[in-house]
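Taking numbering that gives the first Met the number 0, I'd label the letters of the sequence shown as residues 0 to 153. Where is the CB? At the ideal position from N, CA and C, for every residue including glycine. Inspection log for the structure reproduced underneath, given as structure tokens.
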Amino acid sequence: MSVFDRIKNAIFGKAQAAPVPEPAAAAPQASGTPAASPSAQPTAAKPAPVTEPATGAPPPAQASPAQSSSADIEQILNAAVKKSGQKLDWRHSIVDLMKALGMDASLAERKELAAELGYSGDTNDSAKMNIFLHKALMKKLSENGGKVPADLLD
Numbered sequence: 000m001s002v003f004d005r006i007k008n009a010i011f012g013k014a015q016a017a018p019v020p021e022p023a024a025a026a027p028q029a030s031g032t033p034a035a036s037p038s039a040q041p042t043a044a045k046p047a048p049v050t051e052p053a054t055g056a057p058p059p060a061q062a063s064p065a066q067s068s069s070a071d072i073e074q075i076l077n078a079a080v081k082k083s084g085q086k087l088d089w090r091h092s093i094v095d096l097m098k099a100l101g102m103d104a105s106l107a108e109r110k111e112l113a114a115e116l117g118y119s120g121d122t123n124d125s126a127k128m129n130i131f132l133h134k135a136l137m138k139k140l141s142e143n144g145g146k147v148p149a150d151l152l153d
């Protein structure tokens with residue numbers, strides 16, 4: 000798995016953990032309604048087929064786009080920093096962002112990420128590379144459905 004994919008999964012995985020109970024809560028309500036009066040209300044028969052596919056494959060498919068499109072990057076990373084117990088500045092530092100997610104922020108990992116994100120500069124100039132990585136990562140997270148603060152997309 001690529002470094003970017005690990006970052007994306009660490010962020011969007013946390014976003015997916017919160018909304019999952021909502022669709023699960025809606026499914027039992029829908030299944031409870033048809034069971035209460037299947038013959039009395041013909042419209043209740045319509046939600047029953049909706050519940051069957053929802054318990055099969057569609058919930059993950061529906062959950063993923065909704066969750067990734069609503070993944071608040073700032074909220075998720077702020078929570079990750081708080082959980083880490085460290086003073087990390089993810090808004091300005093790719094190293095701190097990776098540390099907040101519990102990832103390896105070594106130069107080798109960042110060089111690998113640089114290759115994935117198309118960095119064409121000198122990877123031995125870690126300061127320039129890190130600035131590129133942070134900006135490119137924010138852009139890529141936004142392109143993948145993350146809600147990134149506007150000031151980080153400049």
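If the criterion is Cβ atoms closer than 8 Å, does the pair L106 and L116 meet it? Remark: C-beta atoms of L106 and L116 do not approach each other more closely than 8 Å.
Which of helix, strand or coil DSSP assigns to D150: Residue state, collapsed to three classes: helix.
Pick out whichever of I72, G145 and K82 has its Cα sitting closest to the Cα of R90. Ranking the options by Cα distance to R90, first place goes to I72.
Rounded C-alpha distance that separates D4 from A70: Each residue's CA atom was taken as its position, placing D4 and A70 some 15 Å apart.
For the alpha helix (DSSP H) that A99 lies in, which residues bound it at each end? Under the DSSP assignment, A99 falls in the alpha helix (DSSP H) whose first and last residues are I93 to A99.
Quick check on DSSP: helix, strand or coil for D88? In this structure, D88 counts as coil in the three-state DSSP scheme.
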